[in-house]
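Student: Let me give you the structure first, and then I'll get to my questions.
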């Protein structure tokens with residue numbers, strides 16, 4: 022299956038001492054993708070956080086440092102995004 026995962030990259034964590042990165046992973050047809058592996062890397066500090074999407078395609082990475090994040094999503098049988 023050669024579908025591309027759609028996700029906004031370069032997300033900004035809200036300004037607070039600790040916050041969360043949240044989002045929904047969908048395929049090119051707009052269907053949610055459960056079980057996708059999400060990796061968020063802080064562009065400045067290189068801190069790395071990981072999550073797996075829920076049955077409704079959502080991810081929630083708690084207690085991240087504020088900053089700009091590059092987000093990558095992988096899932097078996099999908100083209101990495």
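Numbering (the working numbering), first residue to last: 22 to 102. Beta carbons: idealized from backbone N, C-alpha and C, even for Gly.
#1: To the nearest angstrom, report how far apart residue 71 and residue 59 are at their CA atoms.
#2: Quick check on residue 43: does DSSP put it in helix, strand or coil?
#3: Can you tell me which of the three DSSP states residue 61 falls into?
#4: Taking the beta strand (DSSP E) that residue 85 belongs to, which residues open and close that run?
#5: Taking the alpha carbon of residue 95 as the reference point, which residue from 46, 42 and 39 has its own alpha carbon closest?
#6: Who are the near neighbours of residue 56 in its chain, counting only those whose CB is closer than 8 Å to its CB and skipping five residues on each side?
#7: Between the beta-carbon of residue 53 and the beta-carbon of residue 91, is there less than 8 Å?
#8: Alpha carbon to alpha carbon, how far is residue 41 from residue 87? Give it in angstroms, no decimals.
Tutor: On the basis of the coordinates in this document:
#1: Position 50 of the chain shown holds residue 71. Position 38 of the chain shown holds residue 59. So the two alpha carbons sit approximately 6 Å from each other.
#2: Numbered from 1 along the chain shown, position 22 holds the residue referred to as residue 43. Looking at residue 43 - three-state DSSP - the assignment turns out to be strand.
#3: Here residue 61 refers to the residue found at position 40 of the chain shown. Correct three-state label for residue 61: strand.
#4: In the chain shown, the residue the question calls residue 85 occupies position 64. Secondary structure note for residue 85: its beta strand (DSSP E) is the uninterrupted segment 79 to 85.
#5: Start at 1 with the first residue of the chain shown, and residue 95 comes out as number 74. Residue 46 is the option with its Cα nearest to residue 95.
#6: Taking the chain shown and counting its residues from 1, one reaches residue 56 at position 35. Cβ neighbours of residue 56 beyond the five flanking positions: 73, 74 and 96.
#7: Position 32 of the chain shown, counting from 1, holds the residue named residue 53. Position 70 of the chain shown, counting from 1, holds the residue named residue 91. Not a contact, by the Cβ cut-off of 8 Å.
#8: Residue numbering aside, residue 87 sits at position 66 when the chain shown is read from its first letter. Residue numbering aside, residue 41 sits at position 20 when the chain shown is read from its first letter. Using only the alpha carbons, I get a separation of about 9 Å.
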